[in-house]
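Per the numbering used here, the sequence shown starts with residue 4, numbered consecutively.
In this text, a Cβ means the ideal position worked out from N, Cα and C, and glycines have one as well.
All values derive from a computational prediction rather than experimental measurement.
Note sheet for the following structure.
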Amino acid sequence: MQFFRIRAAYFLSRTNCRRAFTLVELLVVIAIIGILVGLLLPAVQAAREAARRCMCSNNMGQVGLAMHHYEFNREHLPPGVTNDTGPILNQAIGNHISWAVQILPYIEQISIYRNINQKLGAYAAENQEARTVRIASFLCPSDALDQRMKELDNFSTESSYAGCYHSVEAPIDSDNNGLLFLNSRIRFNQILDGSSNTILLGEKIALPNDLGWMSGTRATLRNTDAFTLPKRTRRGVLVEEEVDEKTVGGFGSFHSAGANFVFADGSVRFLSEGIDIELFRNLGSRNDGAMIGGTYY
């Protein structure tokens, strides 16, 4: 009887003892977790960027729709910039009221619109309060705005979107071949290349001396001469290179491999930064007569 009690106590003690992980087993588990995390993070980042790109596309679609509402009421697209004389330089001198100001009532920003005295111009002290309002509809979610605000003074007023004023690099003036330029009043029947083949708006990367969404300078107008890619500073912040006040610049974005564009027919399309440059210039002109055809996005 005593023998059986000893055997039962022995088996009970074997059952209750806890066996720890060996060092090799622990390292294998850690390695597997590291591999899984390494596979998961790029997928999460890609999903987030896809969501931001979709939000950007939605913003641009709303801005494009506002342009169409403006055209329906006024029978012409808004002027790219208003000023007595041209060309327009990137200087805080002049009237320089942008197309973005004109469409404010059509993106539910009527209160801001009513507080802007357009006769005084974009840089008047009376318009300072309205000029510094950050409008979410004009901002791309992929734009590293919060980081760049530390480096750039007036980025609370920037616009991630710009109207297409010309097909090549040239001063902003009244003889440009785009849809939004100096004192423009383009009707749809003047878009001879077809509204589905002509760029209305596109994404752009703001420069360090960007004058904000109220200014009808390169802050809200760009050309299709080339894609402008962001540059990385020592701090890891992405900005464009500094240029003189005569240079306007092209479209670009913080999305990988291209940028969103709104065409005159209201459609939003993503164009690759590797697009044929001649085709890109053709899309920036309203009346060059080029036979585009086919799929290019």
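Which of helix, strand or coil DSSP assigns to residue i
i	result
Val31	helix
Tyr126	coil
Glu52	helix
Cys143	coil
Ile91	strand
Thr160	helix
Val84	strand
His72	helix
Gly296	coil
Glu206	strand
Ser218	strand
Gly166	strand
Leu185	strand
Ser177	coil
Ser101	strand
Ser198	helix
Arg117	helix
Glu281	helix
Glu302	Not covered by the structure: residue 302. The range shown for the chain is 4 to 300.
Ile138	coil
Gly269	coil
Val40	helix
Leu232	coil
Gln193	helix
Gln112	coil
Val246	coil
Asn290	coil
Val301	The chain is shown from 4 up to 300; residue 301 falls before or after that span and cannot be answered.
Asn61	helix
Whole-angstrom distance between residue j and residue i, CA atom to CA atom
i	j	result
Val136	Ile110	14 Å
Leu80	Ile38	54 Å
Tyr73	Ile106	7 Å
Ala54	Ser60	10 Å
Val27	Ala34	11 Å
Asn212	Ala103	18 Å
Phe273	Thr25	53 Å
Ala229	Ser177	21 Å
Val251	Pro144	23 Å
Phe264	Glu281	17 Å
Glu276	Phe254	9 Å
Ile36	Ser259	29 Å
Buried/exposed call for residue i, threshold 16 Cβ in 10 Å
i	result
Asn179	buried
Glu301	Residue 301 cannot be examined here, being either before or after the span of the chain that is shown, 4 to 300.
Thr88	exposed
Val40	exposed
Cys167	buried
Arg77	exposed
Met63	buried
Met294	exposed
Asn226	buried
Phe266	buried
Phe75	exposed
Phe158	Low confidence applies here, because Phe158 scores a pLDDT of 46, under 50, leaving its location unreliable and the question unanswered by this model.
Glu161	buried
Arg56	buried
Ala139	exposed
Arg134	buried
Val31	exposed
Gly67	buried
Arg117	exposed
Ser114	exposed
Ala165	buried
Asn86	buried
Per DSSP, cross-strand counterpart(s) of residue i
i	result
Pro262	Position check: residue 262 holds Ala in this sequence, whereas Pro was assumed. Its beta-bridge partners are Leu274.
Gly253	Asn226
Between the segment 196-203 and the segment 281-289, do three or more beta carbon pairs fall short of 8 Å?
yes
Measuring CB atoms only, is the segment 245-260 touching the segment 178-197, in the sense that at least three cross pairs come out at less than 8 Å?
no
Within the chosen definition, does the segment 216-226 reach the segment 107-126 through at least 3 CB pairs nearer than 8 Å?
yes
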